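Below is one structure, written out as structure tokens, with a few remarks after it.
2 protein chains.
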Amino acid sequence: MRNADILSEVTTPALVVEHSALERNLDLMAAAWPARRLRPHVKAHKCSELARRQAARGHVGFTCATIREVEVMAAAGLGEDLLLANEVVDMRRLGAVVDGGARVTVAVDSDVLIDAAVAGGVREVLIDVNVGLPRCGCAPDDAGRLADLARRRGLGVRGVMGYEGHLMLVAEPGERRTQTEQCMMLLRLAHEAVGGDIVSGGGTGTWKSNEWVTELQAGSYALMDTAYAAVPDVPFEQALTMVATVISVSDGWAVADAGLKAFGMDHGDPALPGSSVWYCSDEHVVFSMNDGTPLPSVGDRVRLEPAHIDPTCALHEQMYVVDGDQVMDVWPIDMRGW
Amino acid sequence: MRNADILSEVTTPALVVEHSALERNLDLMAAAWPARRLRPHVKAHKCSELARRQAARGHVGFTCATIREVEVMAAAGLGEDLLLANEVVDMRRLGAVVDGGARVTVAVDSDVLIDAAVAGGVREVLIDVNVGLPRCGCAPDDAGRLADLARRRGLGVRGVMGYEGHLMLVAEPGERRTQTEQCMMLLRLAHEAVGGDIVSGGGTGTWKSNEWVTELQAGSYALMDTAYAAVPDVPFEQALTMVATVISVSDGWAVADAGLKAFGMDHGDPALPGSSVWYCSDEHVVFSMNDGTPLPSVGDRVRLEPAHIDPTCALHEQMYVVDGDQVMDVWPIDMRGW
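Chains as they are written, first to last, in numbering that gives the first Met the number 0: chain W, 0 to 337; chain Z, 0 to 337.
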């Protein structure tokens, strides 16, 4: 896994975590959302070693998006309270994780999935409520009925969740807060009908504005990306960069070896400070320098900032944890795939 | 690896290859570009088992984009003639592959990389020429000088390569042919100065229009994607689809469990025939049905068509090879990473 102790010698493209920036991000969030008030979302980094650092700050409950994430977290000894905040139809693998001693709660939004939870051996659910993002979640006024059905089927109903994902990148903080409140009023209404201790929702983008949930499902805050960095009042630092090697220099542009197989591209091209990124192809990023700065030379290394951390991490086998040029550790990205 | 013999039981999201369509694609290309006239690009599928089917049709030379691809192809016994059609600065791992008995030729476009080839133990190069795509490649009139330098340094120079990647998706066939000819005239000019047997270039998009190369570097033709399917005179069939499970249905839309961690998103959303795809998030694709067709039910399966095959394959551990609902084989996508 480890192929160098010095960052300048690792194989590129390489995901690099600045250890001190990560620590500051984890501390800042833990101060605002301490212990179980935060349920960190592992989908952002898919790395159980990073999750371990979050658990060490008291966040012992985690949010997952896939069955694989639940399985790996449990196997890593981080299965005290795992929420699969997503709908799944075949829950047998989750039942096996429960049988193995982990606590697994699953989001359900339909009768079919309540049956699936029972059939799969899952014992606890949250009712997933549509709070405005057209994706999963039942209608708010159907949540009580689903909770009753789940309880009749013998499931524990721990509360509700609702994700205001469409608000994460709303630029104006006041507007974001107003819209978040509207979404969360729907969720609280559903919660009154459902009962249970948990009102789960939110993310890095609403860490300041969502005061209605009992627990925040933030994930991106730990490592960050350029999409979140552009949002006012999201002060977390860019702890993750991509190291790439310059492989070709022409008259007016240069090419480094990190392309669209190294970056999640749904939020657009990565950024390279001081330069203009022209485009990415499979294994290339093409860029020119701003303000008359000379182009780098072949063999130089550059550090790019991903536009969207979640799918970026999913493309890599490991992340290098560094202090300056010193590689302190190599963490496997062990929750990839399904 | 294999988790079901029946397609309807595999874990989703799952990459699925329709065996008969793959065979027809391989046969059609082999008829037009037989044996060594085609140097299939493995970056499109990253699957040595698929490469083995291409080799069985006489295409014993392959194109690679990364060192990892070269290593895995050699280890799979497919190292008779591997071209790394990309610039790399540290060639020691390639030298080790050469020492292991494989033939490895590397693209170089600068003095620095000629030094790197010598230092790394690589013995043969192609001069990579910029034919109009602003990426790698030397200026056409510098190719002869680089070839001379490489030969003085003891390297075998097998010829030139130049990739007209910016023309692959030009819609109008006559225009694509005219522009391809202009690019290839630059490459042939460079070839006159360089010498050697090889003029390598082209891709699936110019399989009909590029009559100037001695070998075509096509890769996408085997499995295809919606971007290439939209190009006239690219008649290869969509052999690759993504099976996803419907996990949630609301009033007007449905959600299936394949999102932007399952699809390369640089060419946009995947397609679902008969439906309108609204958007993808990490583990979701949200869609509505066209023409009044009823929405599917929770638990139903849908088959989506990726917009860009190369980064899509890079996100998956395996592809299921099927004949209808029967899983015939499971091929590891074994060339991922770097």
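Heads up, the beta-carbon is just placed ideally off N, CA and C, and yes, glycines get one too. Predicted model only: the values in this text are computed from it and were never measured.
Legend entry - For W/ARG122, the nearest candidate out of W/GLN216, W/ILE113 and W/VAL128 (CA to CA): Ranked by Cα distance from W/ARG122, the first of W/GLN216, W/ILE113 and W/VAL128 is W/ILE113.
Legend entry - W/MET160 - partner residues in DSSP beta bridges: For W/MET160, which the question treats as bridged, DSSP gives the partners W/ASP127 and W/SER199.
Legend entry - Burial state of Z/GLN237, where buried means 16 or more other Cβ atoms lie within 10 Å: It is buried - the Cβ of Z/GLN237 has at least 16 other Cβ atoms within 10 Å.
Legend entry - Bridge partner(s) assigned by DSSP for Z/GLY155: Its beta-bridge partners are Z/GLU123.
Inset, instruction - Pull up the distance between the alpha-carbon of W/THR311 and that of Z/ARG175, whole angstroms please. - result: For W/THR311 and Z/ARG175, the distance between alpha carbons rounds to 34 angstroms.
Legend entry - Given Z/HIS266 as reference, the closest of W/ALA270, W/PRO272 and W/TYR278 once Cα atoms are compared: The candidate whose alpha carbon is nearest that of Z/HIS266 is W/TYR278.
Legend entry - Chain-order list of residues whose beta-carbon lies under 6 angstroms from that of W/MET288 (same chain, five-residue window excluded): Result list for W/MET288: SER274 and LEU294, in chain order.
Legend entry - Range covered by the alpha helix (DSSP H) that runs through W/GLU17: W/GLU17 -> not in any alpha helix (DSSP H); beta strand (DSSP E) instead, spanning 13-17.
Inset, instruction - Given a cut-off of 8 angstroms, decide if W/GLU163 and W/LEU125 are closer than it, judged by their beta-carbon atoms. - result: In this structure, W/GLU163 does not lie closer than 8 angstroms to W/LEU125 by Cβ.
Inset, instruction - Give the DSSP bridge partners of W/THR240, in chain order. - result: Beta-bridge pairing links W/THR240 to W/VAL15.
Legend entry - For W/TYR319: DSSP bridge partner residues: Bridge partners of W/TYR319: W/VAL15 and W/VAL329.
Legend entry - Any chain W beta carbon closer than 8 angstroms to Z/ASN129: Using a Cβ-Cβ cut-off of 8 angstroms, Z/ASN129 counts as an interface residue toward chain W, since at least one Cβ of chain W sits closer than that to its own.
Legend entry - Within chain Z, the residues that W/ALA20 reaches when beta carbons sit closer than 7 angstroms: Within 7 angstroms Cβ-Cβ: nothing; W/ALA20 doesn't reach chain Z, min ~23 angstroms.
Legend entry - W/SER19 to W/PRO39 span [Cα, whole Å]: If you draw a straight line from the Cα of W/SER19 to the Cα of W/PRO39, it comes to about 19 angstroms.
Legend entry - Among W/ARG150, W/GLY161, W/THR203 and W/PHE262, nearest to W/ALA189 - alpha-carbon criterion: For W/ALA189, the closest C-alpha among the options W/ARG150, W/GLY161, W/THR203 and W/PHE262 is that of W/GLY161.
Inset, instruction - Identify whether W/GLY76 lies in helix, strand or coil by the three-state DSSP scheme. - result: W/GLY76: coil per DSSP, three-state reduction.
Legend entry - Interfacial residues, the stretch 130-147 of chain Z to chain W, with Cβ spacing under 7 angstroms: If the cut-off is 7 angstroms between Cβ atoms, the stretch 130-147 of chain Z has PRO133, ARG134 and CYS135 near chain W.
Legend entry - Counted within 10 angstroms of its Cβ, other Cβ atoms place W/GLU214 as buried (16 or more) or exposed: Of the residues assessed, W/GLU214 falls on the buried side of the cut-off, its CB having 16 or more other CB atoms within 10 angstroms.
Inset, instruction - Check each residue of the stretch 272-301 of chain Z: if its Cβ is closer than 8 angstroms to any Cβ of chain W, include it; give the result in chain order. - result: Here the close residues are TRP277, CYS279, SER280, ASP281, GLU282, HIS283, VAL285, SER296, VAL297 and GLY298.
Legend entry - Beta-carbon proximity check, Z/CYS63 vs Z/LEU83, cutoff 8 angstroms: In this structure, Z/CYS63 places its C-beta atom within 8 angstroms of the C-beta atom of Z/LEU83.
Inset, instruction - Reducing DSSP to helix, strand and coil, say where Z/GLY60 ends up. - result: In the structure shown, Z/GLY60 adopts extended strand secondary structure according to DSSP, grouped into three states.
Legend entry - Closest by C-alpha distance to Z/LEU14, when choosing among Z/HIS315, Z/SER47 and Z/GLY323: Checking every option, the nearest Cα to that of Z/LEU14 belongs to Z/HIS315.
Legend entry - Short CB-CB distance (under 8 angstroms) between Z/TRP252 and chain W: Yes, contact with chain W.
Legend entry - Z/ASP265 at chain W interface by Cβ criterion, 8 angstroms: Interface residue (Cβ-Cβ distance to chain W less than 8 angstroms): Z/ASP265 is classified as such.
Legend entry - Candidates Z/LEU93, Z/VAL320 and Z/MET334: closest to Z/SER7 by CA position: The residue from Z/LEU93, Z/VAL320 and Z/MET334 with its alpha-carbon nearest to that of Z/SER7 is Z/VAL320.
Inset, instruction - Given a cut-off of 8 angstroms, decide if W/MET241 and W/ARG302 are closer than it, judged by their beta-carbon atoms. - result: Yes, these two residues count as a Cβ contact at 8 angstroms.
Inset, instruction - Could you tell me the distance, in whole angstroms, from the CA atom of Z/SER109 to the CA atom of W/TRP330? - result: Using only the alpha carbons, I get a separation of about 35 angstroms.
Inset, instruction - Look at the alpha carbon of Z/PHE235 and the alpha carbon of W/PRO234, and state the distance between them as a whole number of angstroms. - result: Taken atom to atom, the span from the alpha-carbon of Z/PHE235 to that of W/PRO234 is near 49 angstroms.
Inset, instruction - Counting only the same chain and skipping the five closest in sequence on each side, list residues whose C-beta sits under 7 angstroms from that of Z/GLU17. - result: Closer than 7 angstroms at Cβ, skipping near neighbours: ALA238 and VAL321.
Legend entry - Euclidean distance between Cα positions of Z/ASP98 and Z/TRP337: Going by the C-alpha atoms only, they are around 20 angstroms apart.
Legend entry - is_contact[W/LYS207, chain Z] using C-beta, thresh 8 angstroms: Not a single CB atom of chain Z sits nearer than 8 angstroms to the CB of W/LYS207.
Legend entry - Helix, strand or coil at Z/VAL69 according to DSSP, with G and I counted as helix: Looking at Z/VAL69 - three-state DSSP - the assignment turns out to be helix.
Legend entry - Outcome for W/PRO12 when other beta-carbon atoms lying within 10 angstroms are tallied against a minimum of 16: Under this definition W/PRO12 is a buried residue.
Legend entry - Option nearest Z/SER219 by Cα separation, candidates W/ASP281, W/SER208, W/ASP127 and W/ALA34: The candidate whose alpha carbon is nearest that of Z/SER219 is W/ASP281.
Inset, instruction - Would you identify the three-state DSSP class for Z/ALA101, choosing helix, strand or coil? - result: Of the three classes helix, strand and coil, the one that applies to Z/ALA101 here is coil, per DSSP.
Legend entry - Span separating the alpha-carbon of W/GLY76 from that of W/GLN53: Cα-Cα distance, rounded: 13 angstroms.
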